[in-house]
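Numbering follows UniProt numbering, with no gaps: position 33 of the sequence shown is 33.
Since the structure comes first, as structure tokens, the remarks are kept for the end.
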Amino acid sequence: MASAAGWPLDERGVAYGDGLFETVLVREGTPQLWEAHLARLARGCKVLDFPLPPRSALEHPLTQAGQELAVLKLILTRGSGGRGYAPPASPTPRLRWQLSPFTPDAARWQAGVRVRYCRLRLGLQPVLAGLKHLNRLENVLARGEWSDADTAEGLLCDSDGRLVEASCMNLFWQREGRLETPRLDRCGVAGTLRSVLLECLPIAEVDADPDVLASAEAVWLGNSVQGVWPVARLDSPDGEPLHHWTIGTEHRRLQAIAHDLLGYPTRLDD
Numbered sequence: 001m002a003s004a005a006g007w008p009l010d011e012r013g014v015a016y017g018d019g020l021f022e023t024v025l026v027r028e029g030t031p032q033l034w035e036a037h038l039a040r041l042a043r044g045c046k047v048l049d050f051p052l053p054p055r056s057a058l059e060h061p062l063t064q065a066g067q068e069l070a071v072l073k074l075i076l077t078r079g080s081g082g083r084g085y086a087p088p089a090s091p092t093p094r095l096r097w098q099l100s101p102f103t104p105d106a107a108r109w110q111a112g113v114r115v116r117y118c119r120l121r122l123g124l125q126p127v128l129a130g131l132k133h134l135n136r137l138e139n140v141l142a143r144g145e146w147s148d149a150d151t152a153e154g155l156l157c158d159s160d161g162r163l164v165e166a167s168c169m170n171l172f173w174q175r176e177g178r179l180e181t182p183r184l185d186r187c188g189v190a191g192t193l194r195s196v197l198l199e200c201l202p203i204a205e206v207d208a209d210p211d212v213l214a215s216a217e218a219v220w221l222g223n224s225v226q227g228v229w230p231v232a233r234l235d236s237p238d239g240e241p242l243h244h245w246t247i248g249t250e251h252r253r254l255q256a257i258a259h260d261l262l263g264y265p266t267r268l269d270d
């Protein structure tokens with residue numbers, strides 16, 4: 001594991017979550033979906049109003065990557081300074097990073113996963129919607145709702161009851177032959193895999209309540225590190241089964257396209 005870490009006590013990212021992060025799959029030293037990660041980071045810097053480091057600084061950690069599959073975590077904060085919540089007039093952002101070896105869970109690609117609804121509801125904040133900012137306490141609390149190893153993820157709704165995402169993955173489904181994903185203009189993280197899939201596939205962004213999944217022919221979770229997991233079972237917050245899906249051809253089509261983007265296997269036997 002390689003890293004550049006260490007934080008002073010007046011670091012605003014630690015004190016207030018005043019910053020952004022990216023989690024990037026690195027294959028033989030090459031970052032996957034790199035342009036999408038850089039674009040999201042740039043959007044975040046614009047919203048938070050502090051400068052984006054030069055590309056050379058963001059790419060420097062890649063010089064430490066070996067030939068094995070790894071995950072690069074970049075953490076970019078506003079740095080130190082300011083008084084209380086008031087940000088400094090001229091911030092000096094602080095960049096830290098870590099490279100860790102990574103092995104994806106291929107069994108979840110193949111057999112699909114069991115997921116559940118979470119009780120926690122995401123707050124609405126359109127200004128921050130889509131960004132991967134450091135304020136992730138909602139996700140931490142949601143992930144704490146289950147501990148059984150058979151449950152892979154938890155689905156989250158917003159405070160108005162709309163489907164948003166899983167605790168650390170984006171949500172997709174097919175209904176009446178149409179691919180759909182929740183609209184993320186009020187809250188949630190717009191994943192880089194999601195953004196690239198929206199560019200290359202006719203996926204509709206929709207407002208939907210949880211009942212929509214009952215009529216879905218196929219459901220998936222995906223992100224730029226794990227790839228795409230087909231959903232085989234959906235449970236209530238109490239662990240009671242609500243819906244089952246047989247993993248088949250429909251699931252494999254979206255999975256193959258996503259995995260081709262990440263360099264993962266695109267042919268998986270049903």
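Glycine residues also receive a C-beta, built at the ideal position from the N, C-alpha and C atoms.
Keep in mind it's a predicted model, so treat the numbers as computed, not measured.
Nonlocal neighbours in the same chain, by C-beta distance under 7 Å from residue i, ignoring five residues either side
i    : result
T23  : V71, K73, V225
L213 : W173, V219, L234, H243
A68  : Checking the displayed sequence, the identity of residue 68 turns out to be Glu instead of Ala. For E68, where only same-chain residues beyond five positions count, the Cβ hits under 7 Å are P101.
D150 : R114
Outcome for residue i when other beta-carbon atoms lying within 10 angstroms are tallied against a minimum of 16
i           : result
C200        : exposed
H37         : buried
Y85         : exposed
L48         : buried
T30         : exposed
residue 277 : Absent from the structure is residue 277, since the part of the chain shown begins at 1 and ends at 270.
S159        : exposed
V140        : exposed
First and last residue of the uninterrupted alpha helix (DSSP H) at residue i
i    : result
L41  : 34-48
Q255 : 249-262
E59  : 55-59
W109 : 106-111
L193 : 192-200
Closest Cα partner of residue i within the set the options
i    : options                : result
R186 : G239, R162, G227       : R162
Q174 : S147, S215, L193, C168 : S215
W34  : A106, S159, S195       : S195
W146 : L131, P8, R119         : R119
L184 : D238, R178, P126, G177 : P126
F21  : P104, A111, P93, V115  : P93
G13  : P51, L76, A39          : L76
Extent of the continuous beta strand (DSSP E) run through residue i
i    : result
A129 : Element bounds for A129: n/a, residue is neither H nor E.
R162 : Segment: none, R162 is in no beta strand (DSSP E) and carries neither H nor E.
D235 : 227-235
G222 : 218-223
A204 : 203-206
E180 : 178-182
N170 : 170-175
Supposed close pair residue i, residue j - CB separation, criterion 8 Å
i    : j    : result
M169 : N135 : At roughly 18 Å, the Cβ-Cβ gap does not stay under 8 Å, so M169 and N135 are not in contact.
Proximity test, residue i beta-carbon vs the ligand FMN heavy atom, cut-off 7 Å
i   : result
G29 : As presented, the structure is devoid of all ligands, the ligand FMN included, so that no description of it is given.
Neighbourhood of residue i by C-beta distance below 6 Å, restricted to the same chain and skipping five residues each side
i    : result
W229 : R108, V113, L221
Same chain only: Cβ atoms within 8 Å of residue i, ignoring 5 sequence neighbours per side
i    : result
V205 : Checking the displayed sequence, the identity of residue 205 turns out to be Glu instead of Val. Within the same chain, E205 has close Cβ partners E180, T181, P182, R183, L184, L198.
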